[in-house]
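**Q**
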Amino acid sequence: MSEQLFKSFAIIGAGPNTGIHIVKAFLAIGAPILVIARPASTNVTALPADDPNLKVVRADYTSASEISTVLREHKVDVLISTVTLVFGGVVGQNVLADAAKEAGVKLFVPSEFGIKPQLAKGGLAFQKTDFAVYAKSIGLPTLRVFNGLFYEFVPWLTALADTGKFHIVNKGETPGSFTAVSDVAGYVAHILTTQPPSRLLDVEIQIEGQRATLSEIGALYKGRAPVVHCDALPTEGVVNAHFRTFFQKHVEAGGGSCGWNPVTESDDAESASKDNSRWEGHHWLTVSEALEQ
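Structure, rendered in structure tokens:
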């Protein structure tokens, strides 16, 4: 007897960076999705207003009982989180996990969608590691999706958007995984609606649109923006320059690859795209294709 697929999906954090793209990916394949928005959120104004497969409710993300009530009322099988790390949303995922567990949610997709977090306190995105440990401790199955760096993230990481120059810390010659937001969103919608639960529960997904170095990506801007190699990003006019420098150094060490192992601090390039095959026949955007869009 074949397994019954997940039928009911909800997302928390449908913001412009990742969440809204996942919502639209579900709608594109005709799959219903519930958006749980903060009471004062304006992000919902960017969502389609007349799609019968879209429903929006508002709830307090800090209230496990309020979120749990919404999840139970809509009989949600899978809860997707795209809350932001930068503004502390990932830290608040424990509340969402408690709500999901209490409501009988079958799978929680936490806000990973990027590189693998470091394990030690104070390491890059270590809060995501802490959440994974917490979810396991309460018996809540998770699906963690790692896609390396978003192509769309590169202009911010290199301070191109701030200075008009493509800054590369040190040599920028270590390969990393780069994936388009649209590919990640489409992949999430595809596997959650087509894969049996046994292939998704407590699984770590590794996908990669293209393997490239920052130097190779910088070369694509030839004629449009100068490439500058530096020891650190300039601080004038560049918000969080120290963090971006730290991030680039982590990529240079190998941490930008989906094949990166935070425990051994080594990279297995062949495993970086091991789960691309779950979306059979899909064309993954290259860096140059994504930049042209």
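Note that the sequence shown covers residues 1 to 293 in the UniProt record's numbering. All C-beta atoms, glycine included, are put in the ideal place defined by N, C-alpha and C. For clarity, every value in this text was computed on a predicted model and none was experimentally measured.
Where Arg244 and Ala49 are concerned, what is the direct C-alpha to C-alpha distance, given to the nearest angstrom?
**A** Each residue's Cα considered, the two are about 37 Å apart.
**Q** DSSP three-state label for Asn261, please.
**A** Strand, per DSSP.
**Q** Tell me whether Ala161 sits in a helix, a strand or coil according to DSSP, three-state version.
**A** Here Ala161 sits in helix by DSSP.
**Q** Does the segment 253-266 touch the segment 189-197, meaning 3 or more C-beta pairs lie closer than 8 Å?
**A** Flag = no, the segment 189-197 and the segment 253-266 do not touch.
**Q** Residues bridged to Val227 by DSSP?
**A** DSSP output for Val227 lists Phe166 as bridge partner(s).
**Q** Ends of the alpha helix (DSSP H) at Leu201?
**A** Taken as a continuous stretch (DSSP letters only), Leu201 belongs to no alpha helix (DSSP H), as it is neither H nor E.
**Q** Taking all protein chains shown into account, decide if Val224 is buried (16 or more other Cβ within 10 angstroms of its Cβ) or exposed.
**A** In the sequence as presented, Val is not what sits at residue 224; that position holds Arg. By the neighbour-count rule (16 or more Cβ atoms within 10 Å), Arg224 is not buried but exposed.
**Q** Pick out the complete alpha helix (DSSP H) segments inside the segment 128-163, 4 residues or longer, and give them in chain order.
**A** Whole alpha helix (DSSP H) segments, 4+ residues: 154-157, 160-163.
**Q** Below 8 Å on the Cβ atoms is my contact criterion, and I expect Thr158 with Thr82 to pass it. Report the Cβ-Cβ distance as a whole number of Å.
**A** That belief does not hold up - the Cβ atoms of Thr158 and Thr82 are roughly 23 Å apart, past 8 Å.
**Q** CA-CA distance, Val76 and His250?
**A** About 37 Å.
**Q** Run through DSSP, which three-state label would Leu54 get?
**A** Residue state, collapsed to three classes: strand.
**Q** Under the three-state reduction of DSSP, which class applies to Lys93: helix, strand or coil?
**A** Note that residue 93 is Gln in the sequence shown here, rather than Lys. In the structure shown, Gln93 sits in a helix (DSSP, three-state: H, G or I).
**Q** Skipping 5 residues on each side, what residues in its chain have a beta carbon closer than 6 Å to that of Ser288?
**A** Closer than 6 Å at Cβ, skipping near neighbours: Leu220.
**Q** In terms of DSSP beta bridges, what is Gln210 paired with?
**A** Bridge partners of Gln210: Phe178.
**Q** Go ahead and pull the three-state DSSP assignment for Ser266.
**A** Three-state result, Ser266: strand.
**Q** Within a Cβ cutoff of 8 Å, which residues of the same chain sit near Phe246, ignoring the five residues on either side of it in sequence?
**A** So the qualifying residues of the chain are Leu124.
**Q** Taking the Cβ atom as the reference point for each residue, do Arg278 and Tyr187 lie within a distance shorter than 9 Å?
**A** Taking 9 Å as the Cβ cut-off, Arg278 and Tyr187 qualify as a contacting pair.
**Q** Quick one: does Asp183 have its CB under 9 Å from some CB of chain B?
**A** Among the chains of the structure shown, chain B does not appear; only one protein chain is present.
**Q** Need the endpoints of the alpha helix (DSSP H) that Val23 sits in, please.
**A** Run containing Val23: 19-28, per the alpha helix (DSSP H) assignment.
**Q** Take Pro16 and list the residues in its own chain whose beta-carbon comes closer than 8 Å to its own, dropping the five residues that flank it on each side.
**A** Hits under 8 Å: Asn43, Ala46.
**Q** Between which two residues does the alpha helix (DSSP H) containing Val287 stretch?
**A** 287-292 is the span of the alpha helix (DSSP H), which, as asked, contains Val287.
**Q** Evaluate Leu119 with the Cβ neighbour count: other Cβ atoms within 10 Å of its Cβ, from every protein chain shown; 16 or more gives buried, anything less gives exposed.
**A** Classification of Leu119: exposed, given that the 10 Å Cβ count is below 16.
**Q** So, is Val105 buried or exposed, given that buried needs 16 or more other C-beta atoms within 10 angstroms?
**A** Buried, because 16 or more other Cβ atoms sit within 10 Å of the Cβ of Val105.
**Q** Got a sec? Which residues, its chain only, sit under 6 Å from Pro39 by beta carbon, not counting five neighbours each side?
**A** So the list reads Arg58, once near-sequence residues are dropped.
**Q** Short of 6 Å in beta carbon distance, which residues of its chain neighbour His282, apart from the five on each side in sequence? Order them along the chain.
**A** Correct list: empty, nothing qualifies.
**Q** Grab the span of the beta strand (DSSP E) containing Ala37 for me, first residue to last.
**A** That run of the beta strand (DSSP E) goes 33-37.
**Q** Identify whether Ser111 lies in helix, strand or coil by the three-state DSSP scheme.
**A** Correct three-state label for Ser111: coil.
**Q** For Ile217, tell me which candidate among Ser177, Pro234, Ser182, Asp202 has the shortest Cα-Cα distance.
**A** When only C-alpha atoms are compared, the closest one is Ser177.
**Q** Can you tell me whether Ser68 is helix, strand or coil according to DSSP?
**A** DSSP places Ser68 in helix when its eight states are reduced to three.
**Q** Report, in whole angstroms, the separation of the C-beta atoms of Phe131 and Asn94, which I expect to be a contact under 8 Å.
**A** With 8 Å as the limit, Phe131 and Asn94 qualify as a contact, their Cβ atoms being about 7 Å apart.
**Q** Which partner residues of Ile191 appear in the DSSP bridge assignment?
**A** Answer by DSSP bridge pairing: none, since Ile191 is not bridged.
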